[in-house]
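Asks:
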Amino acid sequence: MQWYEGLSHEQRAVAEHLGSHAVLIAGPGTGKTRTLTARIIRLCKDHQVKPSDILMLTFTRAAAALLRRHAREALGDTAELPEASTLHSYSLSQLVLSGSELSILPTPIRMADNWEERNIIWEDLKRTLNMGRIKDVKELFGKLSADWQTLAADQEGWEQTFPNPHFVAAWRNHRQIYGYTLRDELVYQLKRATEQVPGFTLPRRPRYLLVDEYQDLNRCDLAVVRATCDQGAELFAAGDDDQSIYGFRHAFPLGIRRFDDDYPLATHLELSECYRCQSPILDFAQFVADLDIRRLQKSTHSACASAPSEVRLLAFPNETAEAAAVARICQHLLSAHGILPGEVLILLRSDHNQAFSSVLAQAIRDRNLPVSVRLVPERPTDHDSGRILLAFMRLATSTEESLSWRTLIKLRNNGIGDETIERLHEIADQQHRNLYAILQMVKRSPDILGSSGGRVAAEVVSIETALNEVGRPPDTGEVPPVVEWVARLGKLVLTDLAEQERIAGFLGDVIAGTDCSSIPRLLGVLSLPDETIEQETDPDAINIMTMHKAKGLSAEVVFVVGAEDEYVPGRNVEGPLMLDELRLLYVSLTRTRNRLYVTYCGQRRGQQMRTGRTPSTPRRTLTRFLQDGPIHAENGIEFASTLPT
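Right, dumping it as structure tokens:
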């Protein structure tokens, strides 16, 4: 198979570019992923570029897995593959390889995950700083992350202007005791190393750097990409400023808009042929995008073969009538037009406590239609048994890792309480040593911990015995031995057979989906936040999910439900975040191929009444982004009543 098979003339021309930095502006449905994959294959096959010289940075791990799969299909099962990872994973690997040069970070470099942040780091800082609410600690960490992402932390005197200067010092001390690095800190620390460590060079320097979803990068991310280019990489950045929807994570759409200024000799490329949306849908969405006067102008147009299409703006008196009509329309489309349930997508701006999805799902079930509410997937590894297994996996690769020792001491049935854990922390603080060193000291001399010293010493011995029995994880570079080793460890350290099977099944799916051929790589994937996991849909059911989770998806039919000003833009009525809401609506509208229904209510009752910008407001209005749009609202009840079912 040739690399250009299946590409349009436009896509092939983009994939062939070589010799300078380039930015690719690719609107929805224009084949960006296919084109990026073709470019990678062409570099390997036609130009004999070593896969190790190519790096692909994506926003989600699912996107990275998709690119790896396409590359595997084109290059063959035995071929070496280019690296495809998120920017967080890339930064972590670079920091790990250069750890000895970065004295500011605890070594070996170890990223704390969501559970460890919430259940260990936040709780400890709350107690250390005598703060009454965990929410206050969370807000301070949020401010810390924002300052890294926006580079405010680079400003002179930054620590003195932080809302709670004692917080930064307390966190750094805690970090040294438990030997971790925060996820949101990874990219910033790599950026600092490239600028402040004399003679620092990236341990792994790609010749060709491809960055997907460039519009979602923040200022710190952009600085790391720039540093990689300064060390010899040719940059190929792909994205669309109209689809920048992560302002709450400080995404910086100006990065793609001013690409030509940042890289003056760069080539400007565009994919303009949309193979997803019919013209009426694309035109409707285009009206929304054009409300942002600073957007890059594009020539995106529909290249779809002509097919029945429909765009409707439906008004309802309340949420009950809205849900009933949505269900009736779904039934009509499935029965009269042969549309499959999995080709219907219902999008919500938010769904706190399932206030919206529960009403919609019940109305759909009342018509005997299959429906799936796609919530953030629950990870078995976030329950006690899963955390214990992960901690053992980490200790099997790095015995002295203090954060995992703390997890096991906290969660295992060992008779060790919070007071003893606090005392261990105090001793570590007093002696300026990490937790592992203190545990080894207690094992040798239990009396230094008083009456609980014997229990702690026995627990340390018990954990070490289990680690010796399971042995080091395999390092064969193959997936099956990793799966077998994890299963053996689970049987050794978990007593509940059902839990063993549930966790093993989850980890097996992760390994298969990400091609994890080593335990360190598996642990790195599991440490990634949920936001880097793209939403999956149920192919046999109508899917209900939030707008943010729908990015990257498409369907034959899309409902955008609750398109009221109370929700879009909702509380974000001023500043850059309002434009984020505008772009979020645009992204939602362009998920559909042929049929689009946008609904809104004049009133919401019950649990929904307490949602939105001004809860309990009796009257709701259509979002300001559509009030002057090309599609006029019609009575949704009357429209639905005309449909045969």
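The opening position of the sequence shown corresponds to residue 4 in the working numbering, with each subsequent residue numbered one higher.
All C-beta atoms in this analysis are idealised placements derived from N, C-alpha and C, irrespective of residue type, glycine included.
1. Which partner residues does leucine 274 have in the DSSP bridge list?
2. Inspect the beta-carbon positions of glutamate 313 and tyrosine 600 and report whether they are closer than 9 Å.
3. Are the CB atoms of alanine 196 and leucine 98 within a distance shorter than 9 Å?
4. Less than 9 Å between the beta carbons of glutamate 346 and valine 560, yes or no?
5. With C-beta atoms as the reference, is leucine 220 less than 9 Å away from glycine 258?
6. Under 8 Å by Cβ, that's how I've got serine 55 and glutamate 83 pegged, so tell me the actual separation to the nearest angstrom.
7. Please classify isoleucine 545: does DSSP put it in a helix, a strand, or coil?
8. What span of residues does the beta strand (DSSP E) with isoleucine 349 cover, start to end?
9. Check for me: the beta strand (DSSP E) holding methionine 59 runs from which residue to which?
10. Run the CB neighbour count on tryptophan 174, radius 10 Å, all protein chains shown included, and call it buried at 16 or more, exposed below.
11. Three Cβ pairs or more, each shorter than 8 Å: is that satisfied between the segment 510-529 and the segment 484-494?
12. Check the C-beta distance from histidine 253 over to threonine 400 and give it rounded, since I have them as a contact under 8 Å.
13. Can you grab the Cα-Cα spacing for the pair proline 383 / arginine 315, in whole Å?
14. Taking all protein chains shown into account, do 16 or more other C-beta atoms lie within 10 angstroms of the C-beta of glutamate 162, making it buried, or fewer, making it exposed?
15. Could you have a look at arginine 596 and say whether DSSP puts it in helix, strand or coil?
16. Look at isoleucine 441 and isoleucine 430 and say whether their C-beta atoms are less than 9 Å apart.
17. Can you give me the start and stop residues for the beta strand (DSSP E) that tyrosine 211 sits inside?
18. The alpha helix (DSSP H) with leucine 189 in it runs from where to where?
19. CA-CA distance, alanine 636 and phenylalanine 170?
20. Measuring CA to CA, which of Phe262, Asp80, Leu317 is closest to glycine 565?
21. Just to check my reading of the structure: isoleucine 391 and arginine 409 have Cβ atoms closer than 8 Å, yes? What is that Cβ distance to the nearest angstrom?
22. Please state whether DSSP places cysteine 519 in a helix, a strand or coil.
23. Could you give the distance in angstroms between the alpha-carbon of threonine 595 and the alpha-carbon of leucine 95?
24. Just list the alpha helix (DSSP H) runs in the segment 118-183, keeping only unbroken ones of 4 residues or longer that don't cross its boundaries, in chain order.
25. Could you round the C-beta distance between arginine 210 and valine 52 to whole angstroms and report it? I think they count as a contact, below 8 Å.
26. So is serine 407 buried or exposed if we call it buried at 16+ other beta carbons inside 10 Å?
27. Do you know whose CA, among His355, Gly30, Ser148, Arg377, lies nearest glutamate 539's CA?
28. Could you give the first and the last residue of the continuous beta strand (DSSP E) run that contains valine 99?
29. Valine 459 and glutamine 611 - do their beta-carbons sit closer together than 9 Å?
30. Can you check whether the CB of serine 455 is closer than 9 Å to the CB of isoleucine 506?
31. Which same chain residues end up closer than 8 Å to phenylalanine 319 when comparing Cβ atoms and leaving out the 5 residues on each side of it in sequence?
32. Comparing alpha-carbon positions, which option in Gly22, Lys446, Leu497 lies nearest valine 464?
33. Could you confirm whether any beta carbon from chain D is found closer than 9 Å to the beta carbon of valine 140?
34. Closest by CA to glutamate 126, which one among Leu108, His177, Ile112, Met114?
35. For threonine 535, does the three-state DSSP call read helix, strand or coil?
36. Decide if serine 247 is buried, meaning its Cβ has at least 16 other Cβ atoms within 10 Å, or exposed.
Replies: In short, the structure shows the following:
1. Residue pairing by DSSP puts leucine 274 in a beta bridge opposite Ala29.
2. yes
3. yes
4. Yes.
5. Contact annotation: leucine 220 and glycine 258 have beta-carbon atoms nearer than 9 Å.
6. 7 Å
7. strand
8. Taken as a continuous stretch (DSSP letters only), the beta strand (DSSP E) holding isoleucine 349 covers 347-351.
9. 57-61
10. Buried.
11. The segment 510-529 makes contact with the segment 484-494, as at least three CB pairs between them are under 8 Å.
12. Between threonine 400 and histidine 253 the Cβ distance is about 33 Å, and since that is not below 8 Å, they are no contact.
13. Rounded to the nearest angstrom, the two C-alpha atoms are 41 Å apart.
14. exposed
15. Here DSSP, grouped into helix, strand and coil, assigns arginine 596 to strand.
16. yes
17. 211-214
18. 186-199
19. 52 Å
20. Leu317
21. With 8 Å as the limit, isoleucine 391 and arginine 409 do not qualify as a contact, their Cβ atoms being about 12 Å apart.
22. coil
23. 36 Å
24. 125-131, 137-152, 161-164, 168-181
25. 7 Å
26. buried
27. Arg377
28. It is not in any beta strand (DSSP E) - valine 99 instead sits in the alpha helix (DSSP H) that spans 90-100.
29. No.
30. Inclusion of isoleucine 506 and serine 455 in the CB contact set at 9 Å is not warranted, their separation being larger than that value.
31. Glu325, Ala328, Thr602, Tyr603, Cys604, Gly605, Gly639, Ile640
32. Lys446
33. No chain D is part of this structure, which consists of one protein chain only.
34. Of the candidates Leu108, His177, Ile112, Met114, the one whose C-alpha sits nearest the C-alpha of glutamate 126 is His177.
35. The predicted position of threonine 535 is uncertain, since its pLDDT is 45 and thus under 50; no value can be drawn from it.
36. buried
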